[in-house]
Amino acid sequence: MDNLLAARALMGVSFVFHIIYATLGIGLPLLLMLAEGLALKTGDESWHRIARRWVLPAGVVFAIGAVSGTILSFELGLLWPRFMAFSGAMIGLAFSMEGFAFFTEAIFLSLYFYGERRLSRRALFLCTIPLTLAAAISAIFVISANGWMNAPSGFRMVNGSPSDVLPLTAFANEAWPHEALHGTLAAYVATSFAVAGYYAVLVLRRRDTVDAKKALLLSLSVAAVTAPLMLVTGDWAADSVAHFQKAKLAAMEAHFKTSAAAPLVVGGWPDPDTGQVHYAVRIPKLLSLLAQDDPNAVVQGLDAFPQGTTPDPRLVHPFFDLMVGSFFIMAIGLGWFWWLRWRQKRVPDQPRLLKYLIFVSPFGIIALESGWLVTEFGRQPWVVQGYLRTSQSVTPNAGMVSVFVTFVVVYFCLTAGMLKLLLRHQGRHGTDDGEEVGHA
Numbered sequence: 025m026d027n028l029l030a031a032r033a034l035m036g037v038s039f040v041f042h043i044i045y046a047t048l049g050i051g052l053p054l055l056l057m058l059a060e061g062l063a064l065k066t067g068d069e070s071w072h073r074i075a076r077r078w079v080l081p082a083g084v085v086f087a088i089g090a091v092s093g094t095i096l097s098f099e100l101g102l103l104w105p106r107f108m109a110f111s112g113a114m115i116g117l118a119f120s121m122e123g124f125a126f127f128t129e130a131i132f133l134s135l136y137f138y139g140e141r142r143l144s145r146r147a148l149f150l151c152t153i154p155l156t157l158a159a160a161i162s163a164i165f166v167i168s169a170n171g172w173m174n175a176p177s178g179f180r181m182v183n184g185s186p187s188d189v190l191p192l193t194a195f196a197n198e199a200w201p202h203e204a205l206h207g208t209l210a211a212y213v214a215t216s217f218a219v220a221g222y223y224a225v226l227v228l229r230r231r232d233t234v235d236a237k238k239a240l241l242l243s244l245s246v247a248a249v250t251a252p253l254m255l256v257t258g259d260w261a262a263d264s265v266a267h268f269q270k271a272k273l274a275a276m277e278a279h280f281k282t283s284a285a286a287p288l289v290v291g292g293w294p295d296p297d298t299g300q301v302h303y304a305v306r307i308p309k310l311l312s313l314l315a316q317d318d319p320n321a322v323v324q325g326l327d328a329f330p331q332g333t334t335p336d337p338r339l340v341h342p343f344f345d346l347m348v349g350s351f352f353i354m355a356i357g358l359g360w361f362w363w364l365r366w367r368q369k370r371v372p373d374q375p376r377l378l379k380y381l382i383f384v385s386p387f388g389i390i391a392l393e394s395g396w397l398v399t400e401f402g403r404q405p406w407v408v409q410g411y412l413r414t415s416q417s418v419t420p421n422a423g424m425v426s427v428f429v430t431f432v433v434v435y436f437c438l439t440a441g442m443l444k445l446l447l448r449h450q451g452r453h454g455t456d457d458g459e460e461v462g463h464a
């Protein structure tokens, strides 16, 4: 394993774990806010009880996310010094603003966490509003930096170096709006399905069924609103990629040869040597229609770009299919739940449905992780699209393999500790309908 592969592997593993923590850290505050709002509006104590059961999980993922985020910030400087030297002036604003959002989130999470016996119910609810907003805004700011890497702007090159930097232009780059909105909605969907899976287990086991059914209904209500919006923002993102990141689109769709009336390739394994996709299903003209709004339009393939400047479709295409497939697997469970809810006029507890919701509960995270991998693999071999290659950015220092192994162990320990805390907490507080929770 050379330095480049070790550095990429370490960043990849770090982000895979951090995305899990960050996703739950964005989604749980929204559920807290909605549950506390329902408690305040209806006077139903069970909603407050449900919300308080989510306090410790929210605090744990926030703390571990802060640790993993700090590790990532050091990795950026230590593993990719040339990248930071090149891009620091353009992405510095995004990371600085994320810091303000992070501390805002920490303040209101602390007030909510410790304020159960000191603040009124209205004050507790009001704490969840800036908490929810700050969690989402923190992610939105960070995503601006990733958007800039995909669609760099706000500078001009002078003698091989960026000059005349416009930080606000770089911050509001072309890829940022759709990436930020789509990513935030994905976090809400992923958290909703993860929470729904947990409460489906409780309902299936006939434990805490009254509160569990309410929590199941709330989580899938959030999913029912955010999942359709994901389709809209996903179409927006795909349209942007089709116009501004054509090589990425070709890799996503395993589209090797420039052609008119291009088919949409579903599944299969791309073979760059032959330019074929084995075992795929092809839908005639659909790629041209989706990319150009014209079923007979020409869509550029990987052959339209200089050799060595395009992504590897063997990495991009399967993860793109996994992302899309995961969404539809979740959509089946969501549609099934709400169809039974409409027919039965109550929260459904059909065992087959509950088992499917348990099965589908990780697919929100799977879809989000796959989408991130599509974004990153789809930009290769560039770290800053069109300006700086990944191979030019890596540190020349030796010893990367040992660093990689060390941090993999650290992340597994963090995750194991998080799961142990959460399972122990839920085991204590998820057994009786009338149990009062909130003094964690």
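Adding 24 to a residue's 1-based position in the sequence shown gives its number in my numbering. Note that beta-carbon positions come from the ideal geometry of N, C-alpha and C, so glycine has one too.
Using DSSP bridges, identify the partner residues of residue i.
i           : result
residue 260 : None, per the DSSP bridge assignment.
residue 181 : 186
residue 72  : The partner list for residue 72 (beta bridge, DSSP) is empty, contrary to what the question assumes.
residue 205 : Beta-bridge pairing links residue 205 to no other residue.
residue 302 : 293
residue 323 : 283
residue 307 : 288
Quick one: Cα of residue i to Cα of residue j, how far?
i           : j           : result
residue 26  : residue 424 : 8 Å
residue 463 : residue 139 : Caution applies to residue 463, whose pLDDT of 37 falls short of 50 and renders its modelled position unreliable; the model cannot decide the point.
residue 407 : residue 158 : 28 Å
residue 80  : residue 446 : 8 Å
residue 229 : residue 220 : 14 Å
residue 101 : residue 38  : 14 Å
residue 371 : residue 238 : 8 Å
residue 112 : residue 172 : 11 Å
residue 355 : residue 250 : 11 Å
residue 459 : residue 222 : With a pLDDT of only 38 at residue 459, under the threshold of 50, the placement of this residue in the model should not be trusted; the figure read from the coordinates follows. Looking at the two C-alpha atoms, the distance is approximately 18 Å.
residue 454 : residue 283 : Low confidence applies here, because residue 454 scores a pLDDT of 49, under 50, leaving its location unreliable and the question unanswered by this model.
residue 30  : residue 404 : 16 Å
residue 43  : residue 261 : 20 Å
residue 184 : residue 409 : 15 Å
residue 412 : residue 174 : 11 Å
residue 67  : residue 142 : 19 Å
residue 193 : residue 267 : 19 Å
residue 427 : residue 342 : 29 Å
residue 317 : residue 397 : 26 Å
residue 395 : residue 347 : 6 Å
residue 290 : residue 63  : 46 Å
residue 461 : residue 436 : Caution applies to residue 461, whose pLDDT of 37 falls short of 50 and renders its modelled position unreliable; the value that the coordinates give is listed next. Answer to the nearest angstrom: the Cα atoms are 29 Å apart.
residue 434 : residue 308 : 48 Å
residue 441 : residue 77  : 18 Å
residue 302 : residue 296 : 11 Å
residue 353 : residue 379 : 13 Å
residue 125 : residue 287 : 44 Å
residue 36  : residue 206 : 21 Å
residue 224 : residue 386 : 13 Å
residue 252 : residue 300 : 33 Å
residue 319 : residue 325 : 16 Å
Among the options, which has the Cα closest to the Cα of residue i?
i           : options               : result
residue 33  : 431, 219 and 444      : 431
residue 311 : 322, 327 and 303      : 322
residue 293 : 108, 344, 156 and 227 : 344
residue 401 : 376, 389 and 414      : 414
residue 418 : 109, 90 and 174       : 109
residue 86  : 357, 398, 99 and 134  : 134
residue 40  : 175, 439 and 444      : 439
residue 443 : 45, 114 and 36        : 45
residue 285 : 313, 104 and 155      : 313
residue 376 : 361, 368 and 369      : 361
residue 358 : 348, 334 and 384      : 384
residue 211 : 374, 181 and 160      : 160
residue 180 : 131, 114, 204 and 136 : 114
residue 204 : 254, 226, 182 and 241 : 254
Any heavy atom of the ligand HEM closer than 7 Å to the CB of residue i?
i           : result
residue 285 : The model on display carries no ligand, and the ligand HEM is accordingly not part of it.
Legend entry - Three CB pairs or more closer than 8 Å across the region 336 to 343 and the region 273 to 282: yes
Inset, instruction - Would you check if there are 3 or more beta carbon pairs closer than 8 Å linking the region 190 to 203 to the region 167 to 175? - result: Yes: the two stretches touch, three or more of their Cβ pairs being nearer than 8 Å.
Inset, instruction - Indicate whether the contact test is met: 3 or more Cβ pairs, each with one atom in the region 184 to 197 and one in the region 136 to 152, closer than 8 Å. - result: no
Legend entry - Contiguous alpha helix (DSSP H) assignments of at least 4 residues, all confined to the region 255 to 300: 270 to 276
Inset, instruction - Could you tell me whether the region 241 to 259 touches the region 44 to 62, using the rule of 3 or more Cβ pairs below 8 Å? - result: yes
Inset, instruction - Please list the segments of the beta strand (DSSP E) lying wholly inside the region 390 to 433, counting only runs of 3 or more residues, in order along the chain. - result: 406 to 408
Inset, instruction - Take every Cβ of the region 62 to 82, pair it with every Cβ of the region 389 to 404, and state whether three or more of those distances are shorter than 8 Å. - result: no
Legend entry - Contact the region 204 to 215 vs the region 46 to 54: 3+ CB pairs below 8 Å: yes
Inset, instruction - Only counting runs of 3 or more residues, tell me where the beta strand (DSSP E) segments fall wholly within the region 111 to 173, in order along the chain. - result: Qualifying beta strand (DSSP E) stretches: none in this window.
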